[in-house]
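In the working numbering, the protein residues as written are 26 to 152. Worksheet: one structure, shown below.
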């Protein structure tokens, strides 16, 4: 095993571990409704993923031993799955909010229809 390959693999695993931590934190931020924290976490995770991709390209050029390549590939798969899970949580949360807003709008419309003499109004929602 070449020392530069081992160093690159350790760097990749470290970058992916930090990216995974950010994905978990992003899911928590989604649950908390903290848009600012979510945006910062997603941006930071993007930088870590870009760095990991560059390190993977360098590692592939160094032709690491198969066991090391498998370990890095497993870490990559796990990181991708966490990213997909965070995306799923975001989509699910967005859909729940859209549904809640639609229900609120429908209730408002219904209540306005039964109030004589009042101006009719709506809540405009853009998703």
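Beta carbons are placed, not taken as given, at the ideal position from N, Cα and C, and that holds for glycine.
Would residue i pass as an interface residue toward chain C - the criterion being a Cβ-Cβ separation below 8 Å?
i, result
"residue 60", "Included in the structure is just one protein chain, with no chain C present."
Quick one: Cα of residue i to Cα of residue j, how far?
i, j, result
"residue 68", "residue 51", "10 Å"
"residue 99", "residue 151", "40 Å"
"residue 80", "residue 35", "10 Å"
"residue 119", "residue 111", "12 Å"
"residue 125", "residue 47", "28 Å"
"residue 128", "residue 77", "43 Å"
Going by other Cβ atoms of all chains shown within 10 Å of its Cβ, with 16 needed for buried, is residue i buried or exposed?
i, result
"residue 137", "exposed"
"residue 49", "exposed"
"residue 37", "buried"
"residue 102", "exposed"
"residue 97", "buried"
Considering just the uninterrupted stretch of the alpha helix (DSSP H) at residue i, what are its terminal residues?
i, result
"residue 124", "91–138"
"residue 71", "60–86"
Going by C-alpha distance, which of the options is nearest residue i?
i, options, result
"residue 108", "43, 86, 122", "43"
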